[in-house]
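Residues in the sequence shown are numbered consecutively from 544, following our numbering.
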Amino acid sequence: QTHFLSHFLQAKMSRPVQARRLKGIDKNIWVEFAKLAATYSKVNLGQGFPDFPAPDFLTEALTRALGKENHMLHQYTLPFGHPPLVKVLAQIFEKQLGQDLDPMANVMVTVGAYEALFCCFQAFVDEGDEVIVIEPFFDCYESMVKMAGGTPVFVPLRPNPPKDGKLMSSADWQLDPAELASKFSKRTKAIVLNSPNNPLGKVFSREELGLIAELCVKHDVLCISDEVYEWLVYDGKQHIRIASLQGMWDRTVIIGSAGKTFSATGWKVGWVVGPNRLLQHLRTVHQNSVYACATIAQEAVAQGFQRELMLYGKPESYFVQLPKELQQKRDWLVQSLDGVGMKPIIPEGTYFLVADISQFKSDVPDDHNSDEPYDYRFAKWMVKNKGLAAIPLSAFYSEAHKNNYTNFIRFCFAKEKATLKAANDILQKWKQEKTSS
Ligand code: PMP
544 QTHFLSHFLQ AKMSRPVQAR RLKGIDKNIW VEFAKLAATY SKVNLGQGFP DFPAPDFLTE
604 ALTRALGKEN HMLHQYTLPF GHPPLVKVLA QIFEKQLGQD LDPMANVMVT VGAYEALFCC
664 FQAFVDEGDE VIVIEPFFDC YESMVKMAGG TPVFVPLRPN PPKDGKLMSS ADWQLDPAEL
724 ASKFSKRTKA IVLNSPNNPL GKVFSREELG LIAELCVKHD VLCISDEVYE WLVYDGKQHI
784 RIASLQGMWD RTVIIGSAGK TFSATGWKVG WVVGPNRLLQ HLRTVHQNSV YACATIAQEA
844 VAQGFQRELM LYGKPESYFV QLPKELQQKR DWLVQSLDGV GMKPIIPEGT YFLVADISQF
904 KSDVPDDHNS DEPYDYRFAK WMVKNKGLAA IPLSAFYSEA HKNNYTNFIR FCFAKEKATL
964 KAANDILQKW KQEKTSS
C-alpha cells in the first residue's frame, strides 16, 4: 500500500513545474556575489549601494510621514503613483525637457527602476521581437527581454586605449556606428540605452545619442532609457536625455530611481517618464502585477524632490553635493588602484569603476579546465583570500561575448572614506606581498 502510494506521488511530481519563459535565466550574479560578500568580505565594493547614510532631509521626511499628522499615509495611494510624487517629478522633468507634462499621464511610480524595466519589456516586447542591448549592460536587460519572449541583440562598446600611456576613460569605449546600424532591422522593437552606464560609468555624448536617435527614428524603434545615474556625472560633464533629441520624446521611456538619486536603495522607489502612448501600456503591466507602491516611501521621496526643486542648481542641492563628493571618492579609488597596478578606467559618471586585473594574473592562475570566466574566478578568489569584494565585468556581457572581457572587475565607490581607505590598505598590502615574493 505504502509502496503504491509513494510511486503514485513520485509519478505526479515528474511534470516540469517551471514555465518555459524561465528557461536559462535562473542564475543571477547579484544573488551569488551578495552571498559571497556576506560570507567573506571585510570590505565590500561589490554591489551598487552606498554605505553612507541617506541625506537627513530625506530620512526626516520619512519620520514626519510616519507621525500622527496624516494616518492615511499608511493606506494605499493611487496605483500609478502617489500624487505629490508624480506632481513633483513632472515639475522636475518639465524643467529639464522644456515641455509640459501631465503628472497622471506622463509619470508612473514603480518598485524601483527594476520594476520600471520589467514593465517596459512586458509592455513592448512580443515573441519574435528583437531588442538591441549595448554591452556591457546591467544584466537584467537580457533576462527581461527573454522572459517577454523577445531576442536580445547585442552591440558592444569597443575600447580604444589612449596611445600616450594615460589611463583609459569610459569615454574611450565607443560604439562603432556601422556596427550599431547593422543591428537595426524590421524585427527591432526597442533599444535599451543606459547613460550614465553601469558598469563602465560612460556618459554618452550628444553625438553618440544623436546616432542612436537617428536610427530609432529611421526604423521606428522605441528607446528604453535607463537613467538611474542621471545626477551622478563628473568633471563638469552633462547628462543629456535622449528624449530631448528630435523625434525621440514620442518613442522614449525615461527610467529613474530614488535609490540612486537619494542614496536610499532599500526604499525601492522608481519611476518612468514618457508619452502617454507608451505609458498607458506600462500602466497595464503595473496594475496587473504590483498595482501600487508603498505610500509612505513615495511621500518622503516627494518631499525630497520638493526640496531639490527649490534648491535647483544651488550649491546646497543634493544633486550638486552628491556628485561633488562622489567625484572625490572616485579620484581616491582611481589613485589607489593605479598605485598598485590594477589599472582603473576613469568613469565619467555613476558610482562604479572598472579596473584591469591583468597584472594580478600570476596571483590567481588560470584554470583551463573551468568554464567559468577568469574574472569570476578572480573576484571569488579575491573576496575569499583578500576580503575585498568586487564584481566580474563579464557578468555584464552576453554568453557569446563574455570570454572577450575577462580581465576586468567592477568596484563601487559610493562608500565611506573609511571603507575606501580599508580597500586601499588591502590593495597596498597585496602589492607588497607581490613584490617581496
Ligand atoms: N538600472 C541600473 C543601470 C542599475 O544599476 C540599477 C541598480 N543597480 C537599476 C536599474 C535598479 O534600480 P532600483 O534599485 O531602483 O530598482
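Backbone N, C-alpha and C fix where the C-beta goes; we use that ideal spot for every residue, glycine too.
Near the ligand FMN: residue i beta-carbon under 8 Å from a heavy atom
i    : result
G589 : Looking for the ligand FMN in the displayed structure turns up nothing; the ligands present are the ligand PMP.
Residue i, buried or exposed, once every other Cβ within 10 Å from all chains shown has been counted against 16
i    : result
Q618 : exposed
L743 : buried
G847 : buried
R873 : buried
N741 : buried
V827 : Just to set this straight, residue 827 is Thr in the shown sequence, not Val. Classification for T827: exposed.
K958 : buried
E612 : exposed
M853 : exposed
E587 : The amino acid occupying residue 587 in the given sequence is Asn; Glu does not appear at that position. Classification for N587: buried.
H829 : buried
N737 : buried
G589 : buried
P705 : exposed
E673 : buried
N950 : buried
D682 : buried
Y834 : exposed
K929 : buried
A943 : exposed
Nearest neighbour of residue i, chosen from the options [CA to CA]
i    : options                   : result
T606 : A843, K867, G884 and Q870 : A843
I755 : V650, F623, K726 and W774 : K726
Q717 : R730, G708, G817 and P699 : P699
Q871 : G882, Y894 and D881       : Y894
R564 : V652, L616 and E685       : E685
I734 : D778, V629, V668 and E750 : V668
P695 : H762, Y834, F954 and K732 : K732
A724 : S748, I677 and F747       : I677
A648 : L963, L825, P890 and S905 : L825
E575 : P622, S768 and A922       : A922
S712 : N946, H782, I889 and H944 : I889
A721 : G708, L758 and R730       : L758
V771 : T804, H944 and G779       : T804
L822 : I635, F747, E859 and A666 : A666
G779 : G892, F636 and K578       : G892
D645 : Y657, K630 and A604       : K630
W814 : A633, K929, A943 and K709 : A633
D599 : V883, Y861, M690 and M615 : Y861
I675 : L896, N946 and F697       : F697
C988 : Q642, D643, P679 and V688 : Any property of residue 988 remains undetermined from this structure, which presents the chain solely from 544 to 980.
L876 : N831, S937 and A965       : A965
K972 : V883, I839, G610 and R558 : V883
Residues near residue i by beta carbon distance below 8 Å, same chain, minus five either side
i    : result
R820 : D793
M885 : A898, D899, I900, Q902, F903 and L970
M925 : V907, L931, A932, A933 and I952
L869 : L775, Y777, Y894, F956 and A957
K857 : V863
E997 : Summary: the structure shown does not reach residue 997, with the chain confined to residues 544 through 980, and so no result is reported for it.
A577 : G589 and Q590
S584 : V926, G930, L931 and A932
Other residues of its chain near residue i: CB distance less than 6 Å, five sequence neighbours each side excluded
i    : result
S806 : P593 and A597
T511 : Within the shown structure, residues of the chain are numbered from 544 to 980, placing residue 511 beyond reach of any answer.
G790 : V760
G692 : E670
K811 : V654 and G655
Contacts around residue i, its chain only, beta-carbon distance under 7 Å, and the 5 residues preceding and following it disregarded
i    : result
L640 : R784, A786 and S787
P866 : W774, L775, V776 and Y777
N967 : S879
T795 : C766, S768, I785, A786 and G817
S913 : R920
I635 : F848 and L852
S627 : Before going on, a small fix: residue 627 reads as Pro here, not Ser. Excluding positions up to five away in sequence, the list reads E842 and A845.
C836 : V652, T653, V654 and V812
Whole-angstrom C-beta distance between residue j and residue i, which should lie under 8 Å
i    : j    : result
L660 : I798 : 6 Å
Y917 : D909 : 6 Å
T620 : Q849 : T620 to Q849, Cβ: 16 Å. No contact.
D715 : P702 : 6 Å
V652 : G624 : 4 Å
P887 : L710 : 6 Å
Cβ of residue i within 9 Å of any chain D Cβ
i    : result
V815 : Any reference to chain D falls outside this structure, which holds one protein chain only.
Would you mind listing the alpha helix (DSSP H) stretches within the region 658 to 702 that are 4+ residues and don't spill past its ends, in chain order?
Listed in chain order, they are 683 to 690.
Going along the chain, which unbroken runs of the alpha helix (DSSP H) with 4 or more residues stay wholly within the region 703 to 779?
Segments of the alpha helix (DSSP H) lying fully in the region 703 to 779: 720 to 726 and 749 to 762.
Can you check the region 579 to 613 for any alpha helix (DSSP H) of at least 4 residues that lies completely inside it and give the ranges in chain order?
Whole alpha helix (DSSP H) segments, 4+ residues: 599 to 609.
Write down every uninterrupted run of the beta strand (DSSP E) in the region 928 to 962 whose length is 3 residues or greater and which is fully enclosed by it, in chain order.
The qualifying runs are 951 to 955.
What are the uninterrupted segments assigned as beta strand (DSSP E) that are 3 or more residues long and contained completely in the region 889 to 924, given in chain order?
If we require 3 residues or more, the beta strand (DSSP E) runs fully inside the region 889 to 924 come out as 895 to 899.
Taking only runs that begin and end inside the region 611 to 642, name each unbroken alpha helix (DSSP H) of 4 or more residues, in chain order.
The qualifying runs are 626 to 640.
Which runs of the alpha helix (DSSP H) at least 4 residues long sit entirely within the region 783 to 845? Give them in chain order.
Here the runs fully enclosed are 801 to 804 and 819 to 830.
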